[in-house]
Amino acid sequence: MPNLEETIGYQFNDNKLLEQALSHSSYANESKETRSSNERLEFLGDSVLSLVVSQYIFEHFRKLPEGELTKMRASLVCEKALHKFAVQINLGAHMLLGKGEENTGGRERVSILADAFEALIAAIFIDGGMNAARDFIHEVVLSKENLNKVQDSRDYKTILQEIVQKNPEERVEYKLISQTGPDHNKLFSVGVFLNSNIIGSGKGRSKKQAEQMAAKEAIALMGYET
Numbered sequence: 000m001p002n003l004e005e006t007i008g009y010q011f012n013d014n015k016l017l018e019q020a021l022s023h024s025s026y027a028n029e030s031k032e033t034r035s036s037n038e039r040l041e042f043l044g045d046s047v048l049s050l051v052v053s054q055y056i057f058e059h060f061r062k063l064p065e066g067e068l069t070k071m072r073a074s075l076v077c078e079k080a081l082h083k084f085a086v087q088i089n090l091g092a093h094m095l096l097g098k099g100e101e102n103t104g105g106r107e108r109v110s111i112l113a114d115a116f117e118a119l120i121a122a123i124f125i126d127g128g129m130n131a132a133r134d135f136i137h138e139v140v141l142s143k144e145n146l147n148k149v150q151d152s153r154d155y156k157t158i159l160q161e162i163v164q165k166n167p168e169e170r171v172e173y174k175l176i177s178q179t180g181p182d183h184n185k186l187f188s189v190g191v192f193l194n195s196n197i198i199g200s201g202k203g204r205s206k207k208q209a210e211q212m213a214a215k216e217a218i219a220l221m222g223y224e225t
């Protein structure tokens with residue numbers, strides 16, 4: 000599979016491992032030869048992926064509480080994310096499928112590609128060790144672009160509320176400071192107040208977005224990771 004190896008930046012010593020990682024159970028079942036599907040590799044790859052991602056975000060997001068670390072990891076290792084990573088390296092084009100799966104769109108099926116991505120991680124791990132698997136995961140899963148998307152999708156209002164709730168007497172309130180521009184392109188400015196004291200402000204094309212940006216600034220000013 001020279002094209003895939005070039006895409007992922009890893010050359011296998013044992014090509015049978017790569018072939019197994021790409022072998023869906025439908026292909027293994029239909030093959031006249033004795034073949035193994037990628038299901039066992041998928042099991043191992045899931046653990047390797049979780050460990051590498053957990054270690055990375057633990058070391059690089061030192062101020063995030065356990066709950067937020069868990070949410071961040073989940074967003075990077077969920078089936079939807081794994082499918083996206085598989086598409087990114089064009090994994091579907093290299094899959095070995097049975098005729099039934101081939102004829103019903105198996106190469107684009109979310110679950111098949113997500114599972115194969117985990118199996119590929121396991122194959123790299125077995126073939127080249129943890130460092131090789133870690134390099135691949137850092138390159139594809141933990142890229143700057145992916146981490147930025149994860150952070151941008153965080154619910155900063157909820158995070159701020161969780162921080163503030165540690166002191167039951169504290170109360171958070173969001174107030175509209177200003178809105179400018181025409182109706183179809185307004186810019187909202189919102190302040191977030193803690194017991195009538197402003198602790199952050201933010202702007203956005205909607206009040207909701209502006210509130211999120213205000214909460215994000217407040218979290219940062221309070222010394223927490225954003």
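Here numbering that gives the first Met the number 0 is used: the first residue of the sequence shown is 0, the next is one more, and so on. Cβ atoms here follow ideal geometry from the backbone N, Cα and C, with glycine treated the same way.
For residue j and residue i, believed in contact at Cβ under 8 Å, the rounded distance
| i | j | result |
| --- | --- | --- |
| S67 | I158 | In the sequence as displayed, the identity of residue 67 is Glu instead of Ser. At roughly 7 Å, the Cβ-Cβ gap stays under 8 Å, so E67 and I158 are in contact. |
| A132 | V51 | 7 Å |
| V189 | S74 | Not confirmed; about 26 Å, so no contact. |
| Y155 | Q211 | 5 Å |
| Y55 | L141 | 5 Å |
| N194 | E169 | 6 Å |
| E107 | S25 | Going by Cβ atoms, the distance from E107 to S25 rounds to 15 Å, so no, they are not a contact pair. |
Beta bridge counterpart(s) of residue i as assigned by DSSP
| i | result |
| --- | --- |
| T6 | Looking at the DSSP assignment, T6 forms no beta bridge with any residue, so it has no partner. |
| L146 | According to DSSP, L146 bridges with nothing at all. |
| G230 | The first residue shown for the chain is 0 and the last is 225, placing residue 230 beyond what the model contains. |
| K202 | S188 |
| S22 | L95 |
C-beta atoms of residue i and residue j nearer than 7 Å
| i | j | result |
| --- | --- | --- |
| N37 | Q19 | yes |
| F192 | G203 | no |
| E117 | E41 | yes |
| A209 | G199 | no |
| L63 | H82 | no |
| S46 | R72 | no |
| G8 | A121 | no |
| M94 | L21 | yes |
Contacting residues, own chain, Cβ-Cβ under 7 Å from residue i (five flanking each side not counted)
| i | result |
| --- | --- |
| F11 | E4, L17, D126 |
| E161 | none |
| A115 | A20, L21, N37, A85, L90, M94 |
| A27 | R34, S35, S36 |
| L175 | F187, V189, K206 |
| V139 | F84, Q87, I88 |
| S177 | S188 |
Residues of its chain near residue i, where Cβ-Cβ distance is below 6 Å and the 5 sequence neighbours each way are ignored
| i | result |
| --- | --- |
| G105 | L96, I111 |
| T179 | L186 |
| F124 | V47, A132 |
| L119 | A20 |
| E172 | F192 |
| V163 | E169, V171 |
| D134 | none |
| A92 | none |
Contacting residues, own chain, Cβ-Cβ under 8 Å from residue i (five flanking each side not counted)
| i | result |
| --- | --- |
| K70 | R153 |
| N184 | R204 |
| F109 | Correcting the residue identity first, residue 109 is Val in this sequence and not Phe. Once the five neighbours on either side are set aside, the close Cβ partners of V109 are E78, K79, H82. |
| F57 | L68 |
Problem - Runs of alpha helix (DSSP H) wholly within the region 74-117 (minimum 4 residues, chain order) - result: 78-87, 98-102
Exercise for the section: Pick out the complete beta strand (DSSP E) segments inside the region 155-197, 3 residues or longer, and give them in chain order. Expected result: 171-179, 186-193
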